[in-house]
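Worksheet: one structure, shown below.
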Amino acid sequence: MKKKISDPLVYSNLLFFINAFLYGVGDFHFLGVVMGISAMASLIYHYRLCHVSGHADRFCAASALGCILTTCFLYMDIIDFMIMIFLASLSLIWKRYGDSQTDIDFYRVCHLYWHIIVFICNLIVFLVLRK
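Have a look at this one:
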């Protein structure tokens, strides 16, 4: 089943491409590539809503999170790194909360906010890595 591009869960994936672009131009090329692949997988999944693309989306998102947190560990001081771990944890708690909802409309709102939260967290990571 295909969704429309005008669906917020589809077009909110464009935020992840912004993250990928920023990482790329900010000399974190590997993160740019990983985030770009994850953004593409997420866009395809939310547009097509098929089982296989759902698995690819989850795999790419988990891989991107792992790469980003590893980069944070390598390049940030311990306090900034712990803040990033905290933000990532809050993001995942929000995601699980949304996934547990039985009202599909409320789930969709939670998932949309999760996309926005992930975008903001990546923006924070980018800004801290650039300082």
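In the working numbering, the protein residues as written are 1438 to 1568. From the three backbone atoms N, C-alpha and C, an ideal C-beta is built for every residue, glycine too. Please read these numbers as outputs of a predicted model, since none were measured by experiment.
Under 9 Å between C-beta atoms of residue i and residue j
| i | j | result |
| --- | --- | --- |
| L1566 | G1503 | no |
| F1454 | N1559 | no |
Secondary structure of residue i, DSSP reduced to three states
| i | result |
| --- | --- |
| G1503 | helix |
| S1443 | coil |
Start and end residues, alpha helix (DSSP H) containing residue i
| i | result |
| --- | --- |
| F1453 | L1451 to V1462 |
| L1566 | I1541 to R1567 |
| K1532 | I1515 to D1536 |
| L1480 | H1466 to R1485 |
Through-space distance from residue j to residue i, alpha-carbon basis
| i | j | result |
| --- | --- | --- |
| R1485 | K1440 | 6 Å |
| C1547 | F1496 | 20 Å |
| I1442 | F1458 | 21 Å |
| D1494 | M1477 | 8 Å |
| T1539 | I1557 | 26 Å |
Per-residue burial, residue i [other beta carbons within 10 Å of its own, 16 or more giving buried]
| i | result |
| --- | --- |
| V1505 | One detail in the question is off: residue 1505 reads as Ile in this sequence, not Val. It counts as buried. |
| A1499 | exposed |
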